[in-house]
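Quick notes on the structure that follows.
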Amino acid sequence: ADGGPGDYLAGLNPEQREAVLAIDGPVLVLAGAGTGKTRVLTTRLAHILALGRARPWELLAVTFTNKAAREMRERITHIIGPSAEGLRWLGTFHSISAQILRRHAELVGLKSTFTILDTDDQERLLKQILEAENIDTKRWTPRTLASLVDQWKNKGWTPQKLPASEDFAQGRAQKLYALYQDRLKTLNACDFGDLLLHVITILSQHEDVLGEYRRRFRYILVDEYQDTNTAQYLWLRLLSSADGNVCVVGDDDQSIYGWRGAEVDNILRFERDFPGAKVVRLERNYRSTKHILGAASGLISANKGRLGKTLWTEADGGDKVQVRGVWDGEAESRLIADEIERWRKDQPGRRWKDCAVLVRASFQMRAFEERFVLLQIPYTVVGGPRFFERAEIRDAHAYLRLIQSEDDDLAFERIVNTPKRGIGDTSVSKLLTIARTMGVSAVAATRQIINSDELQARTRTALSLFLRDLDRWRTLAGQVKHWELTETVLEESGYTDMQRADRASGPARLDNLKELVQAMQAFDSLGAYLEHVSLVMDLDQGAGDDAVQVMTLHAAKGLEFPLVFLPGWEEGVFPSQRSIDEKGEKGLEEERRLAYVGVTRAREQARISFAANRRVYGRWTTQLPSRFVDELPIEHVEAASDTGYYGGAPGLREAKSRWDDAPSFGAGYSSPGWRRAQVNTAGSPAAPRWQRPGVIEGEGRLVATATSSSSAYGIGDRVFHQKFGYGKVRAIEGNKLVVAFDKAGEKKVIDTFVEKG
Ligand code: ATP
Ligand code: MG
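Those letters in the sequence shown? Residues 24 to 780, per full-length UniProt numbering, in order.
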């Protein structure tokens, strides 16, 4: 622990102490994982306060996540007591920027009440702008522009500073960017990237404001410095004077946000920007055992161009890092769930939250989540939604639910205009009101009014196309497997195209959808699958504080756990296929750093696994163990492929023996250029099947029956309609009336929507 008030320095090693005590002038702490960088930063803050060198609100402390900020605040409170509450400027770059911007909004043409747009709003706005400029939004999508704007802002480029080389919609990048910024101003809004960019603009254009903040922030501290991007760098540079009391801590080997514009070079630049900066290196790792550290160090040594550092630990003993081959993804989740249960049972005092499952990509979470639900292991997904709560998964489910039962108005509402079909919010809510009044479902109501004038002609066309699709899919549901149906629906509805157009989050969402299709195959029918999902979603985990921590490797930065599981170490998963396909080593090196981050999260045990097979779109593909597995030094690793989770199907023995016989972890098959998708023709292995009796596929087909031949109206009756006013009934077709309205002319309306006039 941090020790009580006063003796907070006692437990530090000489180098850590040096970094804490050197509070005047610039300091760079460059050190590997688990060496106490964050601890140094926290203690340094406490020390400055304890010496009375600054008051809490005169300290600027930047962390990578809000969670990290909360933890730091707690630790400081523990050392110096309640005065830590005054730490107003402890937070992330974004949260601190928002605070600054609120106070000076008018300097960039905003009011202090400005709103911060989410990505949906942002895209809607961009779409309006693109349309106003007569740009084909199918070819040049708002999403692509949104992610470009984000990249530009990460680089600190305002529209005026945008390099001519940046292109969008044939040379219109700068104009569109400027129009967007203007619109934001008019709306008194800004997006996430603006928070930093506006602050940079304010500080660089208003010397008085800059002076105020430079005087205010007597000490500046930054954690995870290796992942700052250019805008963040400029921001920091402005706020700290050349002889400033700036302390940054980081580890070049843990730079994992290059894809978001982070520049490791900022570390090297620090020494240039602050000549005479004190550079402290920490070499003792306090977190992990020798084997964990040895495995991680060996792994990262395959990267070139590192700043290089030594790490040692006194934590003797401990198990070797385990590497296990399993049959497939389901076996992997069974193995890990079983081990978590056993670990907790065998060792009293262990808690669920001591275990973490760290995945490369969110699609991997699905198997674990389902397994945990089944075994009633409390779990929480850190830094993101649970798999079945993801927007794209909910959308896919909505399509399927609507195909299964057209009464499902919630499903209808969710996807009737996703992807965009030109059926606006107003039309949808009107439709739902109509349905409610008629006492039927939205789809049934649509069927009835589709030939009437209740809705605009454009909307009606769009709706009838949608109904036609829906009917076709329902017929298809009786003819093909339910997962094939899902693929078809996602394609034909334009949903996958919509995701493909999204360069930023599209690929991950498509992977999640593939995983969904894969998961469905374990069920006998669509009904069985959907019921399973509703059970999984419904189970309130009531996880509370003590729950297994499931998250991506990116979200795990800076954290530590006694027991860490690292599943899916396969070529194409980790490293990702994209990084393999990319030219050069840059992407792969970032993946390797991510692997290093993963292994170094473990305090006592790290357990890596890879599956020999994964099912992708109904086809079994043979997976090759990740090259990172080969790179783990053999003396720190224990290979255990005989876990009993290997199954006994043909094809398996080969994969297994390749692994077993592989000298120093199979260097033999890490030749460059091999691809993951070698189709394995072996039939389906004994995949687990959850059967839920009682649900019959294709059940619930509902036919619109609300038509009645005996309308309460007769020809010649005078009626009143909310929208069209007074008129006279000319003809009656079931429950529809053809009315000659006095002002609106002849219209077809639903009888329940008129009253006697
Ligand atoms: P990362 O690179 O993963 O962010 P870090 O360098 O920030 O790691 P910390 O999280 O600060 O490392 O420390 C790792 C662990 O070692 C923590 O549990 C911390 O409390 C402990 N630790 C750090 N320094 C000491 C020390 N001098 N004595 C005992 N424990 C320490
Ligand atoms: Mg840290």
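Positions of the beta carbon are idealized from the N, C-alpha and C atoms, including for glycine.
Handout entry: Cβ shell of D431 (< 6 Å), same chain only, five flanking positions each side left out
Key = In the sequence shown, residue 431 corresponds to position 408, counting from 1. So the list reads R424, L425, once near-sequence residues are dropped.
Practice task
Verify whether the separation of the beta carbon atoms of E146 and A192 is less than 9 Å.
Solution key: For the purposes of this step, residue 146 is taken as the residue at position 123 of the sequence shown. For the purposes of this step, residue 192 is taken as the residue at position 169 of the sequence shown. E146 places its beta carbon 9 Å or farther from that of A192.
Problem - Member of R76, R40, D547, A73 whose CA lies at the smallest distance from the CA of K60 - result: Numbered from its first residue, the sequence shown carries residue 60 at position 37. Considering only alpha carbons, the answer is R40.
Handout entry: Between the CA atoms of L207 and T415 - distance to the nearest angstrom
Key = Here residue 415 corresponds to residue number 392 of the sequence shown, with the count starting at 1. Here residue 207 corresponds to residue number 184 of the sequence shown, with the count starting at 1. Per the sequence shown, residue 415 should be read as Glu rather than Thr. About 28 Å.
Exercise for the section: Keeping to the same chain, check which residues put their C-beta closer than 7 Å to that of E538; ignore five residues upstream and five downstream. Expected result: Counted from its first residue, the sequence shown places residue 538 at position 515. Same-chain partners within the cutoff: F386, R389.
Handout entry: F435 versus E429: straight-line alpha-carbon distance, rounded
Key = Here residue 435 refers to the residue found at position 412 when the sequence shown is read from its first residue. Here residue 429 refers to the residue found at position 406 when the sequence shown is read from its first residue. Cα to Cα, the separation comes out at about 8 Å.
Practice task
For T61, verify whether its CB is less than 8 Å away from any heavy atom of the ligand MG.
Solution key: Here the question's residue 61 lines up with position 38 in the sequence shown. Correct: T61 has its Cβ closer than 8 Å to the ligand MG.
Exercise for the section: Go through its chain and collect everything with a Cβ distance to I631's Cβ below 6 Å, but skip five positions before and after it. Expected result: Position 608 of the sequence shown, counted from the start, is the residue given in the question as residue 631. Excluding positions up to five away in sequence, the list reads V346, L589, W592.
Handout entry: Cβ shell of G281 (< 6 Å), same chain only, five flanking positions each side left out
Key = Your numbering for residue 281 matches position 258 in the sequence shown. If we look at G281 and ignore the five residues flanking it on each side, its Cβ neighbours are E613.
Exercise for the section: Name the residue from H70, V762, P186 whose alpha carbon lies nearest to the alpha carbon of E477. Expected result: Taking the first residue of the sequence shown as 1, we reach residue 477 at position 454. Ranking the options by Cα distance to E477, first place goes to V762.
Exercise for the section: Using three-state DSSP, classify R638 as helix, strand or coil. Expected result: Within the sequence shown, residue 638 is the residue found at index 615, counting from 1. DSSP places R638 in strand when its eight states are reduced to three.
Problem - Distance, N289 Cα to R329 Cα - result: In the sequence shown, the residue the question calls residue 329 occupies position 306. In the sequence shown, the residue the question calls residue 289 occupies position 266. In a straight line, the C-alpha of R329 is about 14 Å away from that of N289.
Practice task
Within the same chain, show all residues whose beta-carbon is closer than 6 Å to that of A754, passing over the 5 residues directly before and after it, in chain order.
Solution key: Here residue 754 refers to the residue found at position 731 of the sequence shown. For A754, where only same-chain residues beyond five positions count, the Cβ hits under 6 Å are V761.
Handout entry: Residue nearest to A379 in terms of C-alpha spacing, selected from P371, I400, Q370, D369
Key = As a position in the sequence shown, residue 379 is number 356, starting the count at 1. Considering only alpha carbons, the answer is I400.
Practice task
List the DSSP bridge partners of D351.
Solution key: In the sequence shown, the residue the question calls residue 351 occupies position 328. Per DSSP, N636.
Exercise for the section: Let me know the secondary structure DSSP gives A763 once reduced to three states. Expected result: For the purposes of this step, residue 763 is taken as residue 740 along the sequence shown, with counting starting at 1. Here A763 sits in strand by DSSP.
Handout entry: Inter-stretch contact (C-beta, 8 Å, three-pair minimum) for the stretch 737-752 and the stretch 456-469
Key = Put simply, the stretch 737-752 does not touch the stretch 456-469. Fewer than three CB pairs are less than 8 Å apart.
Handout entry: Beta-carbon proximity list for R481, same chain, < 7 Å, skipping 5 on both sides
Key = Translated into positions along the sequence shown, residue 481 becomes position 458. Cβ neighbours of R481 beyond the five flanking positions: G445.
Practice task
Just tell me which of V222, P49, E654, G780 has its CA closest to the CA of R295.
Solution key: For this step, residue 295 is matched to residue 272 along the sequence shown. Cα-wise, what sits closest to R295 is P49.
Exercise for the section: Can you grab the Cα-Cα spacing for the pair P442 / G340, in whole Å? Expected result: Against the sequence shown, residue 442 aligns to sequence position 419. Against the sequence shown, residue 340 aligns to sequence position 317. Rounded to the nearest angstrom, the two C-alpha atoms are 56 Å apart.
Practice task
Pick helix, strand or coil for K301, following the three-state DSSP scheme.
Solution key: Position 278 of the sequence shown, counted from the first residue, corresponds to residue 301. Here K301 sits in strand by DSSP.
Handout entry: Buried versus exposed, by CB contacts within 10 Å (16 or more), A107
Key = To locate residue 107, count along the sequence shown from 1; it is residue 84. Flag for A107 reads buried.
Exercise for the section: Provide the residue(s) that pair with E661 in DSSP beta bridges, ordered along the chain. Expected result: Counting from one through the sequence shown, the residue named residue 661 turns up at place 638. Partner(s): Q345.
Handout entry: Reduced DSSP secondary structure (H/G/I, E/B, other) of T449
Key = Along the sequence shown, one-based indexing puts residue 449 at 426. It is helical.
Handout entry: Bounding residues of the beta strand (DSSP E) (the contiguous stretch that carries G750)
Key = Within the sequence shown, residue 750 is the residue found at index 727, counting from 1. For G750, the enclosing beta strand (DSSP E) stretches over residues 748-756.
Exercise for the section: Check A54 in the structure and name its three-state DSSP category. Expected result: Position 31 of the sequence shown holds residue 54. Strand at A54.
Problem - I243 - DSSP class collapsed to helix/strand/coil - result: For the purposes of this step, residue 243 is identified with residue 220 of the sequence shown, where counting begins at 1. The DSSP-derived three-state label of I243 is strand.
Practice task
Decide if A663 is buried, meaning its Cβ has at least 16 other Cβ atoms within 10 Å, or exposed.
Solution key: In the sequence shown, residue 663 corresponds to position 640, counting from 1. Its Cβ having fewer than 16 others within 10 Å, A663 is exposed.
Handout entry: E510 beta carbon near the ligand ATP (any heavy atom closer than 8 Å)
Key = Indexing the sequence shown from 1 puts residue 510 at position 487. No, since every heavy atom of the ligand ATP falls outside the 8 Å radius drawn around the Cβ of E510.
Handout entry: Endpoints, the alpha helix (DSSP H) within which I603 is located
Key = Start at 1 with the first residue of the sequence shown, and residue 603 comes out as number 580. Note, I603: alpha helix (DSSP H), 600-604.
Problem - Alpha-carbon to alpha-carbon, I472 and A767 - result: To locate residue 767, count along the sequence shown from 1; it is residue 744. To locate residue 472, count along the sequence shown from 1; it is residue 449. So the two alpha carbons sit approximately 18 Å from each other.
Handout entry: Residue environment, A735, which counts as buried when at least 16 other CB atoms sit within 10 Å
Key = Within the sequence shown, the letter at position 712 stands for residue 735. With a threshold of 16 other beta carbon atoms within 10 Å, A735 falls short and is exposed.
Problem - Start-to-end residues for the alpha helix (DSSP H) that takes in Q572 - result: Position 549 of the sequence shown holds residue 572. According to the DSSP assignment, Q572 belongs to no alpha helix (DSSP H) but to the beta strand (DSSP E) extending over 571-575.
Handout entry: Beta-bridge partners of S648, as assigned by DSSP
Key = Taking the first residue of the sequence shown as 1, we reach residue 648 at position 625. According to the sequence as given, residue 648 is Pro; it is not Ser. Answer by DSSP bridge pairing, in chain order: E593.
Problem - alpha helix (DSSP H) segment containing A467, residue limits - result: As a first step, residue 467 must be located in the sequence shown, where it is residue number 444. Segment 465-472, the alpha helix (DSSP H) holding A467.
Exercise for the section: Please indicate yes or no: does the CB of G581 lie closer than 8 Å to some heavy atom of the ligand MG? Expected result: Position 558 of the sequence shown holds residue 581. Yes, Cβ of G581 sits closer than 8 Å to a heavy atom of the ligand MG.
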